[in-house]
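The structure under discussion appears below in the form of C-alpha cells.
Here it is, written out as C-alpha cells:
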C-alpha cells in the first residue's frame, strides 16, 4: 500500500516528498485561503455552539450526571429506563407525534395556500400589509400569545368561545378548554398552527415571487389552461428549495413544541394530556437536575427530527430541478 502511494514520488526521497507536499499546501492556501478565512467564523461558531454540545449531550446520555458530581458511566441504562420503565415518556412521545402529524402538515399546507393566494394580489401595498399580518404571530413570544388566546378559550362563561356557544344554545355549561384532558391538545394545536405559519408563509411567498413569468407564458403555449395546472406543472417543481426549507422548519417546530403547551395547560398538564418530549426534557433537566437522563431524552428527540428531516430532504431533493 505504501509502495503504491510513493510511486509518483519515486527517486525523490523523503525530503523531496515533504517539500512537494508543502508546495501543494502553499498553492492551495494561496488559492483558497481568503475563502477559508471568511468561512472560519461560521465554522468556529458551528463547532462551539452546535457540534460540540451535541457530542457532549450524546456522551452524557450514557451517564448519570446531576451537575454536582462527576458523570458516572451507566451505559444504556438511561435509554432502557426511557423506553421500558418511563410511562410518562411514552405518553410524551404519543402526544408529540400526534401534535406533529396534525399541526405540522396543516400549518405547512395552510402557509403555502395563503402565500399562493396572496401572491396573486396585484396591489403591492395590500400584499405587504397582509404579509405582515401573517408573519407577525411567528415573531411574537409563544407565552404572550397563549395568554391572548386564553381569553378565547377561558373555561368560564366570560371566555369568548364559551360565551358565544352558550348564547347560541349549543352548550349550557362552559367547557373547561385548558383543564379537560380531552380538549387541551386541540387548543394547543390551534394556537400552534396560528403561530407557526409566519416563517413558512414568508419563505413560500418569496419563492413564488421569484418564479420567472416567462415560464407561465411558455406553459400557456404548451397547453396549461388554468391555475391548478400552473400550480402542478410549474409552481411546485420550481419551488422545491422553499418547500424543503418549509418542511424541515415545520418538523423542527412540531417536535419542539413546549412553551405554548405549558402556558395553556400548565406543567404537568391534567392527565399529561399536553405533555411533550421537550416538556419531559425540561422536567428532568431544570427541575430534577438529572442531566444524564435529560440528555438521553434530547438524543431521542434529535433522532426523531434528524430521521424525518432526511426523509423530507429525500422527497423534495431534485438534482435536475433546473
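In the working numbering, the protein residues as written are 3 to 324. Glycine is no exception: its CB is placed at the ideal position from the N, C-alpha and C atoms. Quick caveat, the model's predicted, so the values are computed rather than measured.
Assign residue i to one of two classes, buried (16 or more other C-beta atoms within 10 Å of its C-beta) or exposed (fewer than that).
i, result
"residue 317", "exposed"
"residue 37", "exposed"
"residue 5", "With a pLDDT of 48 at residue 5, under the threshold of 50, the modelled position of this residue cannot be trusted, and the question is left open."
"residue 20", "exposed"
"residue 120", "buried"
"residue 229", "exposed"
"residue 28", "exposed"
"residue 297", "buried"
"residue 193", "buried"
"residue 308", "exposed"
"residue 8", "Because the pLDDT at residue 8 is just 47, under 50, the model does not fix this residue reliably, and the point stays unresolved."
"residue 302", "buried"
"residue 149", "exposed"
"residue 80", "buried"
"residue 211", "exposed"
"residue 94", "buried"
"residue 226", "buried"
"residue 170", "exposed"
"residue 49", "exposed"
"residue 40", "exposed"
"residue 283", "buried"
"residue 245", "buried"
"residue 44", "exposed"
"residue 155", "buried"
Measuring CB to CB, does residue i end up less than 8 Å from residue j?
i, j, result
"residue 281", "residue 260", "yes"
"residue 112", "residue 147", "no"
"residue 189", "residue 266", "yes"
"residue 68", "residue 291", "yes"
"residue 102", "residue 256", "yes"
"residue 173", "residue 105", "no"
"residue 145", "residue 164", "no"
"residue 278", "residue 300", "no"
"residue 183", "residue 273", "yes"
"residue 168", "residue 275", "no"
"residue 153", "residue 166", "no"
"residue 217", "residue 236", "yes"
"residue 252", "residue 110", "yes"
"residue 99", "residue 293", "no"
Return the CA-CA distance between residue i and residue j, expressed in angstroms with no decimal places.
i, j, result
"residue 231", "residue 240", "14 Å"
"residue 286", "residue 204", "36 Å"
"residue 311", "residue 132", "30 Å"
"residue 64", "residue 76", "6 Å"
"residue 209", "residue 202", "11 Å"
"residue 140", "residue 116", "15 Å"
"residue 295", "residue 270", "18 Å"
"residue 224", "residue 88", "60 Å"
"residue 24", "residue 31", "10 Å"
"residue 71", "residue 86", "26 Å"
"residue 136", "residue 125", "17 Å"
"residue 84", "residue 268", "23 Å"
"residue 215", "residue 46", "41 Å"
"residue 92", "residue 289", "19 Å"
"residue 221", "residue 114", "21 Å"
"residue 247", "residue 22", "44 Å"
"residue 122", "residue 234", "16 Å"
"residue 51", "residue 254", "18 Å"
Could you round the C-beta distance between residue i and residue j to whole angstroms and report it? I think they count as a contact, below 8 Å.
i, j, result
"residue 200", "residue 138", "7 Å"
"residue 157", "residue 180", "6 Å"
"residue 55", "residue 66", "Residue 55 to residue 66, Cβ: 19 Å. No contact."
Does the Cβ of residue i lie closer than 7 Å to at least one heavy atom of the ligand MN?
i, result
"residue 319", "This structure lacks the ligand MN, and indeed carries no ligand of any kind."
| For the region 69 to 107, which segments carrying the beta strand (DSSP E) assignment without a break, of at least 3 residues, lie completely within its bounds, in sequence order? | none
| query | Which runs of the alpha helix (DSSP H) fall wholly inside the region 189 to 242 and span at least 4 residues, in chain order? | reply | 215 to 223 and 229 to 232
| message | I'd like the ranges of any beta strand (DSSP E) spanning at least 3 consecutive residues and lying wholly in the region 254 to 285. | response | Within the region 254 to 285, no complete beta strand (DSSP E) run reaches 3 residues.
| message | At 3 residues or longer, what runs of the beta strand (DSSP E) sit wholly inside the region 27 to 74? | response | none
| message | Ignoring anything shorter than 4 residues, give me the alpha helix (DSSP H) runs that lie fully in the region 111 to 149, in order along the chain. | response | 126 to 137
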